[in-house]
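Protein chains in written order, with the numbering used here: chain A, 15 to 448; chain B, 647 to 1000.
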């Protein structure tokens, strides 16, 4: 284990740069005992169940993906979709009570079920991780320099403390921390949130890992700091040549950094494809709905948003059939029979839906598919009593135009529901909305 | 603070009529107590340091900025939930600054707040009916129980929830539904102005879209005015008529929504807009990004002159030494510098960054 590690590390401290380029060629950083020709990271049928008082929560239900060298795989999904649990399972970081089945192979070797000790060889060196909250992933009682050198020396016992510290300074410089030589002696609380996340990235790239898993790395940060950190991540990737799994709920972040995108819903990947496939030609109604519900900062017309009705299913007792069916505008009886497999819909593009042709017709315009279920349009469609429309300033010229007719759904109206709010508190309401 | 602003502030799309809410020179400083036996004030965090705003009837004014810029404190100081240190807040001709709780109470009927976190702002021990009914009971607005029930039912329906579920507790609702409950409670007293403090930032996008649509509909139908406080510029662009950008306790640029997003003039607004990742791979990868360095300075000790100069890319790269001198010594006022809208930059210049 010592030979390949030490060559990499000493090369760095002498020249001040880490490996170059995002290519596999010319690098010899694979851990001893791992097959360098095998796929970098191969996850097959990964399932995670958590026993709770109410029963078994099936948080991850059959995740498959292969990470190729040098690529960035974006995993997107809403809270509770299982995207973080998936990556914790890959790293072997789930609590002991979690039941993990399936297979996670790093360079051909199974990681699931391995002892903590043997996993420690892989963590940080083969696969490293960046967490969301830099305050909880750094130890508050150790100086940041000590935390970086610890990572270095764990994987390379022959590295002297002096060389390790020099390397820590190099790493901090690389991630853009000013006065790195002094700042290695600072504690995490002396850094701002963005600076802390830079330290975390420095630790993650310290041993030139082949895979970096970043779990919502910029979610806790302000948008201007997020832009800085995304740039540092790009630097980290090009310096180490690592591949990355980028987990986020922010579709903008993924659009900028990912090569391929995996969309998760209710613990399963529901669509996988190239970043362009996912954004411009989505085939799964959920992906389409997610894009349609996003307000766009670059849109000059104020189109009404297209929300997805309802909320994600409980992972406690999943009914048979497609988990998105209750929220899906294209739902038909067949959808409830069995959960669809992911079908091939294009080169390298799969989607778990039996009605992908209908989704294809929308070409990424959610309103065409979702208008039928968008019951939020109801309020706009209600006719207003005249006295209300003019009340207190009323509408003015600058108010957004009323939504186009195709988004207004007459079928699900709540007659008089809002109209009576101000005019007469006792007027009867007969609407009923689930 | 300045009469120039009163006359000028609102060349906006809704710039007709009197503002319903007018804020001038609003300041909120939090004292910093020194150590030792005798606690004395050794300084102040100038969270809000001279904010001027006008909200017109029927408009949505977006107030954006990064964390710690004072946008939430501004909202709270306007509502007198945290008494302002200085300045004036005039609501329908009445001065709110300095009013005590008792004097504020009747005014609270007209100006209500929706909180960010729907998990923290609803009492977990009250069923939804009681939560929504509470303001009506406190203000004695319904004469009997029957009327109260009918009103609560209506309010709950208005926000798109099933009135059959009002006997449930907040824990039984999802985040989006809870936020709707919070909105129903705010609407109970038929307010004229809603201050929305990050109303959708705790929600997932698919749920968030429904709440945004609801807020737009309510505004249009009930003739409400919103002060919409948020950090997400995409949401703000979508819902606002005008947008004010805050930095370190001050407003640094105000303009109509379209104007601000297509022709921002303040370097901070430009950097902020350029930092937002677009959910469109081709456009996102083709963009030139302005990356500003560093973090927001401490509001306890803001930089001299222009507060943004320590991070300003224009100050660092474009300006001459003579021009920098002005940035360092002269505090830029919020005024129109020939760009068509108010800004606080000595060298304001329009640029398209999206």
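The beta-carbon is built from N, C-alpha and C at its ideal position, and this holds for glycine as well.
Any chain A beta carbon closer than 9 angstroms to residue i
{"i": "residue 919 of chain B", "result": "yes"}
{"i": "residue 768 of chain B", "result": "no"}
{"i": "residue 907 of chain B", "result": "yes"}
{"i": "residue 1000 of chain B", "result": "yes"}
{"i": "residue 862 of chain B", "result": "yes"}
{"i": "residue 884 of chain B", "result": "yes"}
{"i": "residue 822 of chain B", "result": "yes"}
{"i": "residue 603 of chain B", "result": "Lying outside 647 to 1000, the shown extent of chain B, residue 603 of chain B is not represented and no answer is given."}
{"i": "residue 931 of chain B", "result": "yes"}
{"i": "residue 942 of chain B", "result": "yes"}
{"i": "residue 785 of chain B", "result": "no"}
{"i": "residue 912 of chain B", "result": "no"}
C-beta atoms of residue i and residue j nearer than 9 angstroms
{"i": "residue 851 of chain B", "j": "residue 830 of chain B", "result": "no"}
{"i": "residue 122 of chain A", "j": "residue 202 of chain A", "result": "no"}
{"i": "residue 1001 of chain B", "j": "residue 857 of chain B", "result": "One cannot answer for residue 1001 of chain B here, as it falls past the ends of chain B, which runs 647 to 1000."}
{"i": "residue 735 of chain B", "j": "residue 668 of chain B", "result": "yes"}
{"i": "residue 56 of chain A", "j": "residue 117 of chain A", "result": "yes"}
{"i": "residue 728 of chain B", "j": "residue 756 of chain B", "result": "no"}
{"i": "residue 266 of chain A", "j": "residue 923 of chain B", "result": "yes"}
{"i": "residue 779 of chain B", "j": "residue 308 of chain A", "result": "no"}
{"i": "residue 220 of chain A", "j": "residue 182 of chain A", "result": "yes"}
{"i": "residue 713 of chain B", "j": "residue 877 of chain B", "result": "yes"}
{"i": "residue 231 of chain A", "j": "residue 853 of chain B", "result": "no"}
{"i": "residue 681 of chain B", "j": "residue 695 of chain B", "result": "no"}
{"i": "residue 925 of chain B", "j": "residue 310 of chain A", "result": "yes"}
{"i": "residue 843 of chain B", "j": "residue 718 of chain B", "result": "yes"}
{"i": "residue 77 of chain A", "j": "residue 283 of chain A", "result": "yes"}
{"i": "residue 355 of chain A", "j": "residue 347 of chain A", "result": "no"}
Contact list for residue i against chain B, beta-carbon separation under 7 angstroms
{"i": "residue 238 of chain A", "result": "712, 917, 918, 921, 938"}
{"i": "residue 289 of chain A", "result": "927"}
{"i": "residue 201 of chain A", "result": "Result: empty, since nearest Cβ-Cβ is about 17 angstroms, beyond 7 angstroms."}
{"i": "residue 134 of chain A", "result": "In chain order: nothing, as chain B lies at least about 34 angstroms away."}
{"i": "residue 71 of chain A", "result": "Result: empty, since nearest Cβ-Cβ is about 17 angstroms, beyond 7 angstroms."}
Below-9 angstroms beta-carbon distance, residue i vs any chain B residue
{"i": "residue 242 of chain A", "result": "yes"}
{"i": "residue 156 of chain A", "result": "no"}
{"i": "residue 311 of chain A", "result": "yes"}
{"i": "residue 260 of chain A", "result": "no"}
{"i": "residue 321 of chain A", "result": "yes"}
{"i": "residue 383 of chain A", "result": "no"}
{"i": "residue 264 of chain A", "result": "yes"}
{"i": "residue 233 of chain A", "result": "no"}
{"i": "residue 207 of chain A", "result": "yes"}
{"i": "residue 293 of chain A", "result": "yes"}
{"i": "residue 168 of chain A", "result": "no"}
{"i": "residue 325 of chain A", "result": "yes"}
Alpha-carbon to alpha-carbon, residue j and residue i
{"i": "residue 935 of chain B", "j": "residue 863 of chain B", "result": "35 angstroms"}
{"i": "residue 895 of chain B", "j": "residue 268 of chain A", "result": "32 angstroms"}
{"i": "residue 289 of chain A", "j": "residue 942 of chain B", "result": "33 angstroms"}
{"i": "residue 383 of chain A", "j": "residue 975 of chain B", "result": "57 angstroms"}
{"i": "residue 823 of chain B", "j": "residue 807 of chain B", "result": "7 angstroms"}
{"i": "residue 371 of chain A", "j": "residue 765 of chain B", "result": "40 angstroms"}
{"i": "residue 677 of chain B", "j": "residue 980 of chain B", "result": "26 angstroms"}
{"i": "residue 229 of chain A", "j": "residue 262 of chain A", "result": "7 angstroms"}
{"i": "residue 915 of chain B", "j": "residue 705 of chain B", "result": "22 angstroms"}
{"i": "residue 944 of chain B", "j": "residue 859 of chain B", "result": "37 angstroms"}
{"i": "residue 292 of chain A", "j": "residue 784 of chain B", "result": "51 angstroms"}
{"i": "residue 242 of chain A", "j": "residue 380 of chain A", "result": "32 angstroms"}
{"i": "residue 327 of chain A", "j": "residue 94 of chain A", "result": "10 angstroms"}
{"i": "residue 664 of chain B", "j": "residue 760 of chain B", "result": "24 angstroms"}
Proximal residues of chain B, C-beta to C-beta of residue i below 8 angstroms
{"i": "residue 93 of chain A", "result": "850"}
{"i": "residue 305 of chain A", "result": "925"}
{"i": "residue 308 of chain A", "result": "851, 855, 880, 925"}
Within chain A, the residues that residue i reaches when beta carbons sit closer than 7 angstroms
{"i": "residue 859 of chain B", "result": "318, 319, 321, 390"}
{"i": "residue 935 of chain B", "result": "241"}
Neighbour list for residue i in chain A, Cβ cutoff strictly below 8 angstroms
{"i": "residue 904 of chain B", "result": "314"}
Entirely within the segment 49-120 of chain A and at least 4 residues each: give me those alpha helix (DSSP H) ranges in chain order. 97-105
Return the chain-ordered ranges of every alpha helix (DSSP H) run that is complete within the segment 686-725 of chain B and spans a minimum of 4 residues. 717-724
Pick out the complete alpha helix (DSSP H) segments inside the segment 246-324 of chain A, 4 residues or longer, and give them in chain order. 265-271, 289-294, 299-306
Length-filtered (4 minimum) alpha helix (DSSP H) runs lying within the segment 833-918 of chain B: 851-868, 879-885, 903-908
For the segment 127-193 of chain A, which segments carrying the beta strand (DSSP E) assignment without a break, of at least 3 residues, lie completely within its bounds, in sequence order? 141-144
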